[in-house]
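Q:
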Amino acid sequence: MIQISASCVGCGKCVSTCPFGALSLVNGKAVASAACSMCGACVSVCPMKALSLPAAGAAKKDLSAYKGVWVFIEVGNDGRTQKVRPVGFELLSKGRELADQLGEELCAVIIGNHVQNYFAELSQYGADKIYSVSAPEYHFYNTLAYANALITLIKKYNPSVVLFPSTYIGRDLSPRISSELFVGLTADCTGLSIKEGNLIQTRPAFGGNILADIKCPDYRPQMATVRPNVFKKNPIAAGRMAQVVEETIPVPFDAGKVRVIETQMDPVSTAQKLDEAPVVVSGGRGMKDKEGFYLLERLAQALGGAVGASRAAIDMGFKPKEDQVGQSGVTVTSKLYIACGISGAVQHTVGMEHCEVIIGINKDANAPIFNVCKYGLVGDAKQILAKTLEQLKK
Ligand SMILES: Cc1cc2nc3c(=O)[nH]c(=O)nc-3n(C[C@H](O)[C@H](O)[C@H](O)COP(=O)(O)OP(=O)(O)OC[C@H]3O[C@@H](n4cnc5c(N)ncnc54)[C@H](O)[C@@H]3O)c2cc1C
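Each residue of the sequence shown is one higher than the last, beginning at 1201 in our numbering.
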């Protein structure tokens, strides 16, 4: 929140300037409410220089006090069992590289219930240390409880880097923590590296037209989120065991405002599954209509996979936005990817070109999708899919 010193004379200039209506006059002095976004618009209009942003006056941090690359490990429910979401292993693999370059420890941070079940796996993916917070109250994800636990750990151990998966939970949690710690957060990074001791966070900017390198040289920890399937998992190092630091952190009172009674998988959206599915069947504008997408659903079901879509198909309302594959959607690295009626624009192919086997179905033999395909079928997608389903049935 904006800081207001005793030199405020209550002239009210800041009140009329604040775009968020967060300032008011109380007893002849300016007072800020929780709506303050610290945009700083009021600072320059104050004739008494009574307003300041906390960072502006804050002393530069002693960066040498911050050590360690941390990865927040998300435990997910695939509809049957609780397990570590694979993106956690991808981040540990990348984190290992960063920690080695910095000469610091790689630490996994896991919050939940019975999390000791995952210690061996986390160790095998390179963690030197595991910070665990395990209690029945943490069984279901709760924003306030998890944020409080992580903030407590970060303030106690001072990591230099904290990485989050760019999942629903990671996207909900990380900005709460960064704003509480008053540090930056780079969302949806596609590259991470170390330069002169700083984390270089690479991400597409301006609608994906440029790649921006972002660094936070003055504050710690440096925080970033990364989408699933952007980094590759390292092979596991069997027998490796990390040091475990178990912490007991009581759930704050206000976390009880939200109580999760049960969780259910959304049968419509496949977003959770899309980035982890072994088979992805995707459709584009060439599928023409919802009927075309029904064929894709049937094929995906028969192959034990999930259905994705190109942006054109999303724009036509055939699938929800969460199911978009590509630069501004999900990145998939499935064993099999079947692209039906998709032209193969670069914004689509960057999200699927690392799949093991890609099959393209397109009526245009010169469609660019065939440049990334192992197998190509030229013809009407609906007819080919109908015949394939018939054969699978047999
Ligand atoms: C900043 C930015 C970000 C973007 N992000 C994404 C993204 O994340 N994901 C994404 O997908 N796109 C993205 N796009 C859009 C992308 O550029 C393309 O416009 C989009 O991928 C095209 O979708 P499409 O291939 O389904 O449609 P089209 O390009 O229209 O292609 C349709 C294809 O279907 C074929 N076809 C037609 N009828 C049939 C038939 N009966 N049987 C078989 N084939 C048939 C045609 O030959 C054609 O090749 C982005 C664009 C921008 C500018």
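The C-beta atom is built at its ideal place from N, Cα and C for all residues, glycine as well. On a predicted model such as this, the values are computed, not experimentally measured, just so you know.
Is it the case that the Cβ atoms of Y1575 and C1555 are separated by a distance below 8 Å?
A: Not closer than 8 Å, so no.
Q: Starting from F1319 and walking both ways along the beta strand (DSSP E), at which residues does that stretch end?
A: No beta strand (DSSP E) holds F1319; the alpha helix (DSSP H) holding it covers F1319 to Q1324.
Q: State the Cα-Cα distance for the pair A1258 and D1418, rounded to the nearest angstrom.
A: Confidence in A1258 is poor, its pLDDT being 49 and thus under 50, which makes the residue's placement too unreliable to answer from.
Q: To the nearest angstrom, how far is the alpha carbon of A1438 from that of W1270?
A: A1438 and W1270: Cα-Cα distance of roughly 21 Å.
Q: Taking Cβ positions, are F1340 and V1460 nearer each other than 8 Å?
A: Cβ distance < 8 Å, so F1340 and V1460 count as in contact.
Q: Quick check on the DSSP output: the alpha helix (DSSP H) that includes I1351 runs from which residue to which?
A: Start and end: T1343 to Y1357.
Q: Taking 8 Å as the cut-off, decide whether the C-beta atoms of Q1203 and S1252 are in contact.
A: Contact: yes.
Q: If L1363 and F1272 are in contact, beta carbons under 8 Å, what's the gap, nearest whole angstrom?
A: About 7 Å; that satisfies the 8 Å criterion.
Q: With distances taken Cα to Cα, identify the nearest neighbour of K1213 among A1222, S1237 and V1245.
A: Checked all of A1222, S1237 and V1245; the closest Cα to K1213 is V1245.
Q: Can you tell me whether M1441 is buried or exposed, with buried defined as 16 or more other CB within 10 angstroms of its CB?
A: Exposed.
Q: In the structure shown, what three-state DSSP assignment does C1389 receive?
A: Strand.
Q: Any Cβ of chain C within less than 8 Å of the Cβ of C1389?
A: Here there is only one protein chain, and chain C is not present.
Q: Measuring straight from C-alpha to C-alpha, what distance separates L1353 and L1292?
A: About 18 Å.
Q: Please work out which residues of its chain come closer than 6 Å, Cβ to Cβ, to V1578, disregarding the five sequence neighbours upstream and downstream, and give them in chain order.
A: The answer, listed in chain order, is A1565.
Q: With DSSP run on the structure shown, which of helix, strand or coil describes G1257?
A: Unreliable placement is indicated for G1257, whose pLDDT of 43 sits below 50; the coordinate value is still reported in the next sentence. Correct three-state label for G1257: helix.
Q: Within the present structure, is the beta-carbon of G1484 separated from the nearest heavy atom of ligand 1 by less than 7 Å?
A: For ligand 1, at least one heavy atom lies less than 7 Å from the Cβ of G1484.
Q: Return the first residue and the last residue of the alpha helix (DSSP H) that D1515 is part of.
A: Run containing D1515: R1511 to D1515, per the alpha helix (DSSP H) assignment.
Q: Rank Q1524, K1329 and C1218 by C-alpha distance to the C-alpha of D1475 and give the top, closest one.
A: Checking every option, the nearest Cα to that of D1475 belongs to Q1524.
Q: With DSSP as the reference, identify every bridge partner of P1375, one or two as the case may be.
A: P1375 pairs with nothing; no bridge assigned.
Q: Report whether the distance from the Cβ of A1477 to the nearest heavy atom of ligand 1 is below 7 Å.
A: Result no, Cβ not under 7 Å from ligand 1.
Q: Measuring alpha carbon to alpha carbon, tell me which residue in A1512, D1515, V1480 and S1510 is nearest R1498.
A: The candidate whose alpha carbon is nearest that of R1498 is V1480.
Q: Suppose the cutoff is 7 Å on Cβ atoms and the five residues either side in sequence are ignored; what does the same chain contact list for A1299 look like?
A: Cβ within range, chain order: V1269, E1305 and L1306.
Q: Can you tell me which of M1238, Y1368, A1347 and A1222 puts its alpha carbon nearest to the alpha carbon of N1144?
A: Nothing can be reported for residue 1144: it is not among the residues displayed for the chain, which extend from 1201 to 1594.
Q: Please classify A1471: does DSSP put it in a helix, a strand, or coil?
A: Residue confidence for A1471 is low, a pLDDT of 47 falling below 50, so the modelled location carries little weight; the figure read from the coordinates is stated next. Of the three classes helix, strand and coil, the one that applies to A1471 here is helix, per DSSP.
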